[in-house]
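Residue numbers (this note's numbering), protein chains in the order written: chain A, 1 to 383; chain B, 384 to 584. Idealized CB from N, CA, C, for every residue including glycine.
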C-alpha cells in the first residue's frame, strides 16, 4: 500500500489536487463517468484508489455514478464523484435522494460552458443556480468554490468534513480553468489534517431510529449491514425511515433537513476579504473570476480608487449577512462571475437597494480579464 | 502583496504548437522547475481544442517571486513557437522587448521583437537523436540556454521527473543538445557583435 497523503510540495493541476484532497480526507470510493474537464479527477482516482485499498468504479453513466456513491456512503465509506455540466444535470435526481436520505458524500462539478454539450474544453460558472436548486423540492445545500489547486485540495477535505458533520451531499463548484491550472500544492502531514466523521449510533440496535436528530439537529448514521434497523427511502419518512404520506410528516422532515443547515450558518460559511476595510467599490466573486478580481483591485488601488474584494469560499448557503453588511457601507457592489448573472441576483436581493449592485459577466468560454473589471470599477467610482 | 519592498520579478511565457508535440508537457516541465526547484511562484494554463492531436494548442506559464492572481499571459516576455499556426495566432502577444524562439523548420517566416529572435531546428535535432517526439525537450534546453528563465539544474531535474520512466537519459541528452545549441548560438552572436564593435571603432 502507498501512502494516502502525499505530504510535500507538488506542482499539480486542480483536478489532481482535488483527487489528492479526497484521499487525504479518507475518501476510499469513487464512482464516475468521464467528462471533460473533470476526467482527470476520475483518472487520478483510478490510479490512486487501488494503491490505498480503495475502490474505483467507472459506471455506465452519471445517474448510476451518483447512486453508487450514495450506496457506498450508506455502507460507511466516504465516497465522491466528479463531473461537468451535462453529467451534473444527470446527477440531479439522485442528488435529491442523497439529501432526503441525509447521505454524506462529495460531488465535484468542474464547470464548462453550457447549456447542453456547450463548450466542453472551455470554462464557465453557469451552474451556480443549478447547484442551489437543480434537484426538485425545497432543500438546503452546501457548495464551495475553489480558486486554485491548493484551495481545491483543502476544500475537498472541508467538503468531506461538512458532508459527514451535517449528513448531506456537499458540492465543489470548480471551473475548467481551476481544474486544468497547475500550481504549487503543499500537502501537509496527515497529523495536521483535521477529519470529521458522521455521528454514529449508540444503544440498542433494534430500537434505533435512523432519522432521530441529535443535539445539533443531525441524526446518527448506522452503516447498512452492521445490525441496526435502517430503512432508506426517497419518500417522505418519519424518524424510523418509514414512509408517511402526510403534510405534517413532510413539514417535519423538510424542516429537519433545512434546519440543520440554517442553524449552523456561522460554522459553514467562509469568505475572504481583500482590501475591503475602507472600500468604496466592493467586488464579489468566486473561483477563477476572483483571481482576475484580485488583480483588478490592485490595479484600481494603484489609480487611487478604493476597491476591495469579497471572495466567496462558500457560495451556498449564501453569505447573506455579509452582503447586507457590505451593502450598508460601500458605494457600489460589483459581482464578477462567468455567467450572465446568477450570484449577482443573490447579491441584488441581499443589497436590497442599500447600494447599487452591478454585474461583470459573460456566457463563458474565456476568463474575465482584469482590464474588463477595472473598466467597471472606474465607471462605478465616477458615479 | 504587490506593494512590498522587494522588487517584483515576473515572466510571462507562451509555448505554442500542435497537439501531440508535447507543448503542455513542456509547460509542465518549465512550471515545475520554477515552482519546485527554483522556489518561485508559477502557474501553467493550457488551451486546446476538442481533438487530442493536430489541433493548435498552447501552454501559458507565469513565473514570479510574488503571488500570481491572473494566470494568463497579457504581454509575453517569451514566445516559443513550434508550428506556423501557433506563430500566426500568438505573435501579436509578444511584448515590445520580448524574446521570440522558433523551431526554424516549422515556422517559415518569423519577425522577432526587441528581445531578439532565436531559431533552432529542434524537431530535426530530435529526429537525429532517433525520437522526433523529444523536440519539445530539445526546445526546453534551448529556451533555458538563451533566456535563463529557469535554472539549468531545476530544468534537468524537472525533465527527469516529468518524462516516462526508462526515457530519462535520452530526454536529458535531448535537453543538453538544445542547451548546447543555445550556448553556441549566444557565443557566435557575441563574437559577431564584438567584431562589429571592433570594425566600428
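If contact means a Cβ-Cβ distance below 7 Å, which residues of the stretch 266-298 of chain A contact chain B?
Within the stretch 266-298 of chain A, the residues whose Cβ lies closer than 7 Å to some Cβ of chain B are 291, 292, 294, 295 and 298, listed in chain order.
Under 9 Å (Cβ pairs) to chain B, residues found in the stretch 10-41 of chain A
Result list: 10, 11, 13 and 36.
Please state if the CB of residue 97 of chain A and the CB of residue 63 of chain A are separated by a distance shorter than 7 Å.
The criterion of a C-beta distance shorter than 7 Å is not satisfied by residue 63 of chain A and residue 97 of chain A.
Where residue 385 of chain B and residue 481 of chain B are concerned, what is the direct C-alpha to C-alpha distance, given to the nearest angstrom?
In this prediction, residue 385 of chain B scores a pLDDT of 45, lower than 50, which makes its location untrustworthy; no coordinate-derived value is stated.
So, residue 75 of chain A versus residue 224 of chain A, is the Cβ gap smaller than 7 Å?
Going by C-beta atoms, residue 75 of chain A is nearer than 7 Å to residue 224 of chain A.
Which of helix, strand or coil DSSP assigns to residue 161 of chain A:
Here residue 161 of chain A sits in helix by DSSP.
Just to confirm, is the Cβ distance from residue 407 of chain B to residue 11 of chain A under 7 Å?
No, these two residues do not count as a Cβ contact at 7 Å.
Three-state class that DSSP yields for residue 386 of chain B in the structure shown:
Caution is warranted here: a pLDDT of 47 is assigned to residue 386 of chain B, below 50, making its placement in the model unreliable, and the coordinate value is therefore given only provisionally. Here residue 386 of chain B carries a coil assignment [DSSP, helix/strand/coil].
Which residues of the stretch 405-416 of chain B have a Cβ closer than 7 Å to any Cβ of chain A? Give them in chain order.
The residues in question are 411, 414 and 415.
Do you know how far the Cα of residue 454 of chain B is from the Cα of residue 124 of chain A?
For the pair residue 124 of chain A and residue 454 of chain B, the Cα-to-Cα distance works out to about 16 Å.
Looking at C-beta atoms only, is the number of pairs between the stretch 179-193 of chain A and the stretch 1-20 of chain A that lie closer than 8 Å three or more?
Verdict: yes, contact present.
Going by DSSP in three states, residue 237 of chain A sits in which element: helix, strand or coil?
Here residue 237 of chain A sits in strand by DSSP.
Along the chain, where does the alpha helix (DSSP H) that runs through residue 91 of chain A open and close?
Taken as a continuous stretch (DSSP letters only), the alpha helix (DSSP H) holding residue 91 of chain A covers 85-100.
Would residue 375 of chain A pass as an interface residue toward chain B - the criterion being a Cβ-Cβ separation below 7 Å?
Answer no: the Cβ-Cβ gap between residue 375 of chain A and chain B never drops below 7 Å.
Suppose you measure from the CA of residue 263 of chain A to the CA of residue 118 of chain A; what does that come to, to the nearest Å?
Distance between the alpha carbons of residue 263 of chain A and residue 118 of chain A: 38 Å.
If you follow the beta strand (DSSP E) that residue 112 of chain A is part of, which residue opens it and which one closes it?
Start and end: 105-113.
Should the stretch 308-326 of chain A be regarded as contacting the stretch 260-278 of chain A, the criterion being three or more beta carbon pairs within less than 8 Å?
Touching, yes.
Whether residue 288 of chain A touches residue 360 of chain A by CB criterion (7 Å)
Note that the C-beta distance between residue 288 of chain A and residue 360 of chain A is not below 7 Å.
Please give me, in chain order, every unbroken run of the alpha helix (DSSP H) with length at least 4 that falls completely inside the stretch 503-575 of chain B.
DSSP runs (the alpha helix (DSSP H)) wholly in the stretch 503-575 of chain B: 505-511, 518-530 and 535-545.
Just the chain A side, please: which residues come within less than 7 Å of residue 455 of chain B by C-beta, in chain order?
Within chain A, 367 have C-beta atoms less than 7 Å from the C-beta of residue 455 of chain B, given in sequence order.
Residue 15 of chain A lies in the alpha helix (DSSP H); which residues open and close that run?
It spans 14-24 - the alpha helix (DSSP H) in which residue 15 of chain A sits, taken as one unbroken run.
Coarse secondary structure for residue 488 of chain B, derived from DSSP in three states
It is coil, neither helix nor strand.
Closest Cβ-Cβ distance between residue 427 of chain B and chain A: below 7 Å?
Interface residue, yes.
Any beta carbon of chain B sitting closer than 7 Å to that of residue 3 of chain A?
No, because no Cβ of chain B sits closer than 7 Å to the Cβ of residue 3 of chain A.
For the candidate residues A/366, A/281 and A/279, whose alpha-carbon lies nearest to that of residue 126 of chain A?
Ranking the options by Cα distance to residue 126 of chain A, first place goes to A/366.
Per DSSP, the bridge partner or partners of residue 56 of chain A:
Its beta-bridge partners are A/30.
Rounded straight-line distance, which links the Cα of residue 226 of chain A to that of residue 14 of chain A:
Approximately 37 Å, taken between the alpha carbons.
For residue 121 of chain A versus residue 36 of chain A, is the C-beta distance shorter than 7 Å?
Yes, these two residues count as a Cβ contact at 7 Å.
Can a CB atom of chain A be found closer than 7 Å to the CB of residue 398 of chain B?
No, residue 398 of chain B does not count as interfacial toward chain A.
Taking Cβ to Cβ, would you say residue 302 of chain A is nearer than 7 Å to residue 333 of chain A?
No. Outside cutoff.
Reducing DSSP to helix, strand and coil, say where residue 219 of chain A ends up.
Reduced to three states, the DSSP call for residue 219 of chain A is coil.
Separation of residue 266 of chain A from residue 474 of chain B, as counted between CA atoms:
C-alpha separation (whole angstroms): 50 Å.
Integer-rounded CB distance, given that residue 517 of chain B should sit under 8 Å from residue 527 of chain B
About 15 Å separates the Cβ atoms of residue 527 of chain B and residue 517 of chain B, ruling out a contact at the 8 Å cut-off.
Whole beta strand (DSSP E) runs in the stretch 282-365 of chain A with 3 or more residues, listed along the chain?
Secondary structure within the stretch 282-365 of chain A: the beta strand (DSSP E) runs of 3 or more consecutive residues, fully enclosed, are 307-312, 314-316, 332-337 and 357-361 (chain order).
So residue 112 of chain A contacts chain B; which residues on that side make the cut at Cβ distance below 7 Å?
The contacting residues do not exist; residue 112 of chain A stays about 11 Å from chain B at best.
Option in A/327, A/57, A/151 and A/211 with minimal Cα separation from residue 347 of chain A
Per the Cα distances, A/327.
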